[in-house]
Structures are given as structure tokens and as C-alpha cells.
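Each remark here refers to the structure printed beneath this line.
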Amino acid sequence: MEGPIVDGFGSANGPIAFIDRDGVLNFGRNGYVNHPTELSIIPGSGKAIAQLREKGYAICVVTNQSPIMRGLWNVERLHSIHDELRRQLLAEDSNAVIDLILTCPHRNRDRCGCRKPWPGMLVKGHNLLRDDRQPNRPINWAGEKPDFWHPLDAMVGDRKSDMGAGWAVGARTFEVSARHGLPQVIDRVLDSKDSGDFYDPMRW
Ligand SMILES: [Mg+2]
Ligand SMILES: [Zn+2]
1376 MEGPIVDGFG SANGPIAFID RDGVLNFGRN GYVNHPTELS IIPGSGKAIA
1426 QLREKGYAIC VVTNQSPIMR GLWNVERLHS IHDELRRQLL AEDSNAVIDL
1476 ILTCPHRNRD RCGCRKPWPG MLVKGHNLLR DDRQPNRPIN WAGEKPDFWH
1526 PLDAMVGDRK SDMGAGWAVG ARTFEVSARH GLPQVIDRVL DSKDSGDFYD
1576 PMRW
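When the letters of the sequence shown are read in order and numbered with the numbering used here, they come out as residues 1376 to 1579.
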């Protein structure tokens, strides 16, 4: 199966906020979120998305969902879960619009380029939102942080794999606890002088 799976559209004139899903926008579960009825947003995440939009950010959710390639459920189920995610965010704040949701359906053994910490979903989001077909520069995992596309681009996640994907495209990286999610760091992300958490790709 090709990936990532694309849901939505939009365009970015300013920075892009790349945001993990489980443990950042909604509560994670033991195992996976397998059905829309199992999804509940972390309170404050809708308001945080609206704040990002007000500051000119495009919103690109990037989520690893290997249950699809494990055969546990299909793409229609994925879209129903994401419809519910969008609905709950909008119920909290009517400006909490997500432009794009990109999903990697693969397992590690599928050796795709989109499963975080690989940056394929962030590259795809950048290409779609900025209409930029240029291939991404090669990544030197052991070297300096790569150049950014936009100095305020940000990646918010609850795992080191999220941080790795953000680092690989030169984004500011913000790590949250899975219980507190995006609201935990929203003031920092909105602070243009905050360059994000230190992340060392060789130490995790
Ligand atoms: Mg997560
Ligand atoms: Zn993938």
C-alpha cells in the first residue's frame, strides 16, 4: 500500500504546524484508537489549533497508524475516526480547522519512508501545502540540524519518533506528555523566539 494517506487540502503562506495525533490532540489508548467512539480530544487542543491558525500557521496532522497494514481495520475506518477528530475539535472552537491529515499505514517491516521518525509525511505536507514539488534534501542523521523550510515550522509530538521526524526537516521540535498534549506547549510554539526543545538524533 502506498503512503501516506492524504485527507484534506489547504495552503501555507506562513509556517506549518506539524502535529502528531494520539497523545497530542486526542488521548491515546492501550493499543490503538480503533473506532470513532474511542476517540476523545484532550481538552484545550481545539483552542490551541485555533490559536495557531490566528498566528498564520497551516495545520498538518501526521500520524502513524500501522493497524491498517496489520489488517485490523481499513482506510474507511481511518476516515471515520478523523471525521470524529475534526468534529470534536470544531465543537471546542469553531476556528480549529485542520488543513491536512497525513497517515502512514505501514509497519516497521514495510520499510516505507513515511513512518516517523522518517520525515516522509512532513515532506508530503510541505509539498502539498506549499505546492513545492522539489525533492527534499538528503538528511545527514549524524550531522547538524538540517536547514528549515520556514523558521517557525514546528513539530509537536509525545514520542522521540516525532522529534526525529521534525528534526529531519529542520523544524522546531516540542515534546509533550501524552496526558497533557498540545495545550502543554502551545504558548511556547506561539512564541516566535522559542526555538524548541533540544534534540540529539544520535541519543535516543
Ligand atoms: Mg503520539
Ligand atoms: Zn509509511
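Glycine included, each C-beta is placed from N, C-alpha and C at the ideal position.
Note that the structure is predicted; figures quoted are calculated from it, not measured.
1. Pull the bridge partners of residue 1549 from the DSSP assignment, please.
2. Quick check: the Cα distance between residue 1517 and residue 1469, rounded to an integer number of angstroms?
3. If you scan the segment 1399-1457 from start to end, which runs of the beta strand (DSSP E) of 3 or more residues do you find wholly inside it?
4. If you draw a straight line from the alpha carbon of residue 1568 to that of residue 1447, how long is it in whole angstroms?
5. Could you give the first and the last residue of the continuous alpha helix (DSSP H) run that contains residue 1514?
6. Start and end of the alpha helix (DSSP H) containing residue 1564?
7. Could you pull out every unbroken beta strand (DSSP E) segment of at least 3 residues lying fully inside the segment 1455-1515, listed in chain order?
8. Pick out every residue whose C-beta is nearer than 5 Å to a heavy atom of ligand 2: which are they, in chain order?
9. Locate the beta strand (DSSP E) running through residue 1393, then write down its first and last residues.
Looking at the coordinates:
1. The count along the sequence shown starts at 1 and reaches residue 1549 at position 174. Note: residue 1549 sits in a beta bridge opposite 1531.
2. Here residue 1517 refers to the residue found at position 142 of the sequence shown. Here residue 1469 refers to the residue found at position 94 of the sequence shown. Using only the alpha carbons, I get a separation of about 42 Å.
3. 1433-1439
4. Position 193 of the sequence shown, counted from the first residue, corresponds to residue 1568. Position 72 of the sequence shown, counted from the first residue, corresponds to residue 1447. Answer to the nearest angstrom: the Cα atoms are 43 Å apart.
5. The sequence position of residue 1514 within the sequence shown is 139, counting from 1. Run containing residue 1514: none; DSSP gives neither H nor E here.
6. In the sequence shown, residue 1564 corresponds to position 189, counting from 1. Start and end: 1561-1565.
7. 1475-1479
8. 1378, 1479, 1481, 1487, 1489 and 1490
9. Start at 1 with the first residue of the sequence shown, and residue 1393 comes out as number 18. Counting along the chain, the beta strand (DSSP E) containing residue 1393 begins and ends at 1391-1394.
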